[in-house]
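Chemist:
Numbering (our numbering), first residue to last: 131 to 285.
Quick look at the structure:
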């Protein structure tokens, strides 16, 4: 190999290594988000969950996650709302239903060229807001409520 070819090969190796690092970090962040959302679902009592906690992990599938998040986040807000309505807590409002729909819409728009310059950072901000809201609502549910057996009907 000559000097120019060696430089190009070294550049390509460094570029591939950087892509691998970025991919691992992105998958790690996505796994963290799935874990946080799954834990929110686990805290909601079974009879009020509109989705099982393990179904959240389908968001780890590339491209499919752009569709699946339209189910995960709005159903989380509706599950919270159903629980809080059942205990008579009206101070929680809509449990972030609007945010839980806005985030997937903006995140899906982030794959559109040129729009992604605005939608990408906006989706990150919305994701953080949704996760903080969901965690706050999770903390308002007693710790053992999600694992408790559903009430049995009176005989």
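Don't be surprised by glycine CBs; every beta carbon is placed ideally from N, CA and C. Please read all numbers here as calculations on a predicted model, not as lab measurements.
From which residue to which residue does the alpha helix (DSSP H) around residue 207 run?
Modeler: Element bounds for residue 207: 194-216.
Chemist: DSSP state of residue 260, grouped into three classes?
Modeler: Correct three-state label for residue 260: helix.
Chemist: Measuring only the C-alpha atoms, how far is residue 195 from residue 202?
Modeler: Cα to Cα, the separation comes out at about 10 Å.
Chemist: Mind the definition here: the region 134-143 touches the region 173-182 only if three or more C-beta pairs lie below 8 Å; say whether that holds.
Modeler: The region 134-143 vs the region 173-182: no contact.
Chemist: Let me check understanding here. Comparing Cα to Cα, which of 271, 156, 192 and 162 lies closest to residue 222?
Modeler: Per the Cα distances, 271.
Chemist: Could you work out which residue in 265, 184, 266 and 199 is closest to residue 238 when comparing CA atoms only?
Modeler: Minimum Cα distance to residue 238 is reached at 199.
Chemist: Report all residues from its chain with a CB closer than 8 Å to the CB of residue 236; omit the five preceding and five following residues, and keep chain order.
Modeler: Here the set comprises 249, 252, 253 and 256.
Chemist: Let me make sure I understand the geometry here. Which of 229, 208, 190 and 171 has the alpha-carbon closest to that of residue 153?
Modeler: Closest option to residue 153, Cα to Cα, is 190.
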